[in-house]
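The sequence shown begins at 12 in the numbering used here and counts up one residue at a time.
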Amino acid sequence: MSVPPARTLALLVLLVALVVAPALAQDGFRLSYDVDQSRPEKARLTGRLTNERAQDVFEVSVTAEALDGRGKVLARGISYVDSRIARGDSRSFAVSVPTVPGATGYRVVVSSYRTGFGSVPSGNQGP
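Written out as structure tokens, the structure is:
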């Protein structure tokens with residue numbers, strides 16, 4: 012069975028785009044990352060998250076996903092980034108994703124955070 016040249020080229024372009032991982036904007040965040048697939052059991056994604064929102068964000072986590080050729084999620088890894096990222100600030104992150112058959116690319120998204128302008132001082136939890 013032969014694969015049509017146009018489909019082969021489209022798959023190649025998709026693979027290159029997923030491995031190089033351009034900076035992505037998501038809900039006021041900019042993400043950039045690299046994929047290290049040198050270990051057979053897991054891929055390691057390391058990168059930088061920038062808070063481009065108008066306010067600080069708290070309790071920030073990212074989720075990395077291994078994807079098949081159609082974009083279906085095959086495996087996930089979650090990593091806590093920081094307790095507070097001020098507006099305009101950046102933080103580095105690292106997250107591992109299990110290596111699974113059929114994975115052709117990866118993506119990273121901000122999976123949880125909360126917004127606010129300041130934090131409650133320790134010991135003063137309110138009424």
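For each residue, glycine too, the CB sits at the ideal point set by N, CA and C.
Cutoff 7 angstroms; reference residue i; Cβ partners in own chain excluding five residues on either side
i, result
"K53", "S107, V108, P109 and T110"
"S94", "F69 and E70"
"G113", "D79 and L85"
"R55", "D47, A105 and S107"
Same chain, Cβ closer than 8 angstroms to residue i, five either side skipped, listed in chain order
i, result
"A34", "Caution is warranted here: a pLDDT of 49 is assigned to A34, below 50, making its placement in the model unreliable, and the coordinate value is therefore given only provisionally. Cβ neighbours of A34 beyond the five flanking positions: R41, L42 and S43."
"R125", "V68, F69 and E70"
"V73", "L42, L60, I89, S90, V92, F104, V106, V119, V120, V121 and S122"
"A97", "N62 and D67"
Three-state secondary structure assigned by DSSP to residue i
i, result
"S94", "strand"
"P109", "strand"
"D67", "strand"
"Q37", "strand"
"S49", "coil"
"G99", "coil"
Buried or exposed (CB count within 10 angstroms, at least 16 for buried), residue i
i, result
"Y91", "exposed"
"A209", "No information on residue 209 is available, as it lies outside the stretch 12 to 138 that the chain covers here."
"D45", "exposed"
"D47", "exposed"
"G58", "buried"
Contact test: residue i Cβ vs the ligand HEM heavy atom, cutoff 7 angstroms
i, result
"Y117", "With respect to the ligand HEM, the structure shown offers nothing to examine, as it has no ligands at all."
Check whether the stretch 97 to 106 touches the stretch 77 to 85, counting contact only when three or more Cβ pairs, one atom from each stretch, lie closer than 8 angstroms. No, they do not touch.
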